[in-house]
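Read the structure below first, then the notes.
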Amino acid sequence: MKWTTNELNQVIENLEYIDTIIIPLCPVSLKKENIGLAEQREDLIILTSELERTYKGRVVIAPEFTYLPEESNKISRLKAWNEEFKASGIKHVFYLTCDFDWRQSEAEMDESLIWLPNLNINSLDESSQRVIVDKQLSHINALFSKIWG
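Take a look at the structure:
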């Protein structure tokens, strides 16, 4: 489910079925050396769109959690998001990112971190994009199946 008024109303009415939220983690910076961060975001947009389509009615895609790469309080801010969603009845919170730095903080996080390599999917032709996205989705599907039982 998308983070829109109409779909959030459906989510609130059906929380017994919609038990999972995915939070895309997107670093932001205007420094020239960080231009690759935009590629990470583009990859996440493509993958979250596919996840939303695959799991519509079971999963909500949250708005992007944006942060500065050198930000010191990003974990505490993210934990506040987690607490808010859990208090609302969400059982599973997944964080989706291409930012390798989150792997160093994984032990501090309350839920499942899904780290994906930055593949710059938009630079590929359509058939190559499909192959890459399907491969990434198969890994995520396996994780969801394990967690959901």
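The opening position of the sequence shown corresponds to residue 855 in the working numbering, with each subsequent residue numbered one higher. Glycine included, C-beta positions come from ideal geometry on N, C-alpha and C.
Query, Result
"Under the rule that 16 or more other beta-carbon atoms within 10 Å means buried, what is L879, buried or exposed?", "buried"
"Would you give the residue range spanned by the alpha helix (DSSP H) that L862 belongs to?", "T859 to E867"
"Would you call V858 buried or exposed, if buried means 16 or more other Cβ atoms sit within 10 Å of its Cβ?", "Here the sequence assigns Thr to residue 858, which means Val is not the residue at that position. So T858 counts as exposed."
"Evaluate Q990 with the Cβ neighbour count: other Cβ atoms within 10 Å of its Cβ, from every protein chain shown; 16 or more gives buried, anything less gives exposed.", "buried"
"Contact defined as beta carbons within less than 8 Å: I believe V987 pairs with L901. What is the distance between those atoms, to the nearest angstrom?", "7 Å"
"Would you mind sorting Y871 into buried or exposed? The rule is 16 or more other CB atoms within 10 Å of its CB.", "exposed"
"Please classify R895 as buried or exposed, where buried requires at least 16 other C-beta atoms within 10 Å of its C-beta.", "buried"
"If you run the structure through DSSP and keep just helix, strand and coil, what is S966?", "strand"
"Mapping the DSSP letters down to three states, classify V914 as helix, strand or coil.", "strand"
"Buried or exposed, going by whether 16 or more other CB atoms sit within 10 Å of the CB of L997?", "exposed"
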